[in-house]
Structure formats: C-alpha cells, structure tokens
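The opening position of the sequence shown corresponds to residue 32 in our numbering, with each subsequent residue numbered one higher.
Worksheet: one structure, shown below.
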Amino acid sequence: MDFEDFDRRTYILAGSAAALFVFIAFGMAYGQESPNEAGSSQWQEINLEDVNSGQSFTINQLERPVLVETFAVWCPTCTNQQNEIKKLKRSSNVTSVSLDVDSNEDKQQIRQHTQENGFDWRYAISPPELTRMLIQEYGNSIANPPSAPVILVCQNTSKRLSNGVKTASTLQDQIQEAC
Numbered sequence: 032m033d034f035e036d037f038d039r040r041t042y043i044l045a046g047s048a049a050a051l052f053v054f055i056a057f058g059m060a061y062g063q064e065s066p067n068e069a070g071s072s073q074w075q076e077i078n079l080e081d082v083n084s085g086q087s088f089t090i091n092q093l094e095r096p097v098l099v100e101t102f103a104v105w106c107p108t109c110t111n112q113q114n115e116i117k118k119l120k121r122s123s124n125v126t127s128v129s130l131d132v133d134s135n136e137d138k139q140q141i142r143q144h145t146q147e148n149g150f151d152w153r154y155a156i157s158p159p160e161l162t163r164m165l166i167q168e169y170g171n172s173i174a175n176p177p178s179a180p181v182i183l184v185c186q187n188t189s190k191r192l193s194n195g196v197k198t199a200s201t202l203q204d205q206i207q208e209a210c
C-alpha cells in the first residue's frame, strides 16, 4: 500500500462518515417536529383546571377555533405572545387556553401572572401526561416556552403554528386560512 492509496482511502472514509453524520442529523432533526396537521386528538380529552375559576374543562369541550399556547410565567417571549392573543381577543371570537408546562410553577404564580397582565382567558397547568402527548404529536419545541408555541384547533383538525411570537393579525390570518 503506497501513500496515495492511503490518502484516497482516508478521504473516502472521511467523506462517508460526514455523509452518514449529515444523514443521521437530518433524520433526528426531521423527527423532532411532526407535521402541522395533527393526526390524534387524544390530548384534547385530558381534564384541565382553570387556575383562575377552578372550573374543569377539556380542549374538546371548547368552542372552536381554539388557540392553545404553552408557556411559563418566567418567559418574556410567552408574555409577548399572550399580549398578541389579548389583542386578537378584542376583535375576534377565538377561544384561548394557555398551558403552563413548567413543573416548578404553581397556580398562585399563574394567577398573579394573569392578573398583572390583564389576561382573562383559561390558564391551566399542563399535566405531565398532556405535555408528553403534545411532544409526541408536535415535537419537543412545544414544551419549550421561549419558542412561543401555539396550536390552532379547528373543528376537525389541529395545526402547530410556526415558532416565534405571532402577531394578532398573523393569528387571525392563520385562523381564517385553517378553520
């Protein structure tokens, strides 16, 4: 074996390893987010408790369309998204639910957050089972509050909206388009 054969084999091996790495990385990244059109609605049947009223509800019981936002009290991006939802609710008949996915937060912290910001829709703590179902259906970033995750639930389908704060007008456009 001479030096040229060794050098060529090294390049082939390195190139193959790089291609394999890209293939695996793409597959893992692709698998993190499921398609926007949801296939299962089991998560919509989980019983929740509105932290402000104490009333029990499920997403399936609510009038459509429903915006389901996952958040944490400590997350300023979440508060920005909730302010956009607040603007939308002034001019729209959309139903909103904000689910706290931070297991370290409690009802009192959420109540204080809603009162300080004038948010008057349903707020609930997401049970671990619900959070797991949402991750299975919509990918890991649904449980990452700074991503400003929002799910739009229409009559027969649900759709994960893109990450980042969505303006009131963008939310309205998404509702009109999907529902």
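Glycine included, C-beta positions come from ideal geometry on N, C-alpha and C.
As the structure is a computational prediction, the values presented were derived from the model and not from experiment.
Which residues bound the beta strand (DSSP E) around Ile182?
To locate residue 182, count along the sequence shown from 1; it is residue 151. Ile182 -> beta strand (DSSP E) spans Val181 to Val184.
Hey, Val184 and Pro107 are a contact pair by Cβ (cut 8 Å); roughly how many whole angstroms apart?
Within the sequence shown, numbered from 1, the residue matching residue 184 stands at position 153. Within the sequence shown, numbered from 1, the residue matching residue 107 stands at position 76. Not quite, the Cβ-Cβ distance comes to about 26 Å (not below 8 Å), so this is no contact.
According to the Cβ coordinates, are Trp152 and Ser127 closer than 8 Å?
Locating residue 152 in the sequence shown gives position 121, where the first residue counts as 1. Locating residue 127 in the sequence shown gives position 96, where the first residue counts as 1. Yes, the pair counts as a contact, with Cβ atoms nearer than the cut-off.
With a threshold of 6 Å on Cβ separation, who are the neighbours of Pro66 within its own chain once the five nearest residues in sequence on each side are excluded?
Position 35 of the sequence shown, counting from 1, holds the residue named residue 66. A caution first: Pro66 carries a pLDDT of 39, below 50, which makes its placement in the model unreliable, though a value can still be read off. Nothing listed; no residue qualifies.
Measuring only the C-alpha atoms, how far is Tyr154 from Thr188?
For the purposes of this step, residue 154 is identified with residue 123 of the sequence shown, where counting begins at 1. For the purposes of this step, residue 188 is identified with residue 157 of the sequence shown, where counting begins at 1. Roughly 22 Å between the two C-alpha positions.
How big is the Cα-Cα spacing for Ala81 and Phe88?
Here residue 81 refers to the residue found at position 50 when the sequence shown is read from its first residue. Here residue 88 refers to the residue found at position 57 when the sequence shown is read from its first residue. Note on residue identity: the sequence assigns Asp, not Ala, to residue 81. If you take the alpha carbons of Asp81 and Phe88, they lie about 8 Å apart.
Could you have a look at Ile77 and say whether DSSP puts it in helix, strand or coil?
Here residue 77 refers to the residue found at position 46 of the sequence shown. It is coil, neither helix nor strand.
In chain order, which continuous runs of the beta strand (DSSP E) of length 3 or greater are located wholly inside the region 110-152?
Runs of the beta strand (DSSP E) inside the region 110-152: 126-131.
So, with DSSP's three-state summary, where would you put Glu94?
Along the sequence shown, one-based indexing puts residue 94 at 63. Coil, per DSSP.
Alpha carbons only, please: which of Glu76, Asn91 and Leu79 is nearest the one belonging to Gln186?
What you label residue 186 is simply residue 155 of the sequence shown in a count that begins at 1. Nearest C-alpha to Gln186: Asn91.
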